[in-house]
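Q: FYI, in the working numbering the residues of the sequence shown are 72 to 146. Backbone N, C-alpha and C fix where the C-beta goes; we use that ideal spot for every residue, glycine too.
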Amino acid sequence: MNNYRDIITIEQGKRSGQPCIRGMRITVYDVFEYLASGMTVAEVLDDFPELTETDIRACFAYAADKEKSQMVVYN
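(1) Taking the C-alpha atoms as reference points, what is the distance between tyrosine 145 and alanine 134?
(2) Taking the Cβ atom as the reference point for each residue, do isoleucine 81 and alanine 129 lie within a distance shorter than 7 Å?
(3) In whole angstroms, give me the CA-to-CA distance for asparagine 74 and isoleucine 127.
(4) Taking the alpha carbon of threonine 125 as the reference point, which residue from Lys137, Val102, Ser140 has its own alpha carbon closest?
(5) Just to confirm the assignment, what range does the alpha helix (DSSP H) spanning leucine 106 have?
Right, dumping it as structure tokens:
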């Protein structure tokens, strides 16, 4: 997903500037915490009907991009 920037938003006054989904108060971290605790994507979507599957994919794309930007190349 190349356009996660249209979905993941960062606002200084919202959730302490953490990356949120579409300006809501649900953060990328929240989504990953739910998934890491054992919830499935379907369960997260069921618990948070305002989220979409595209929102979840945007969280993964955001995290992958952030991880890539922090990669260290060793020679």
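A: The structure says:
(1) Roughly 22 Å between the two C-alpha positions.
(2) Isoleucine 81 is not a Cβ neighbour of alanine 129, given a cutoff of 7 Å.
(3) Cα to Cα, the separation comes out at about 13 Å.
(4) Among Lys137, Val102, Ser140, the Cα nearest to that of threonine 125 belongs to Val102.
(5) Its alpha helix (DSSP H) spans residues 99-107.
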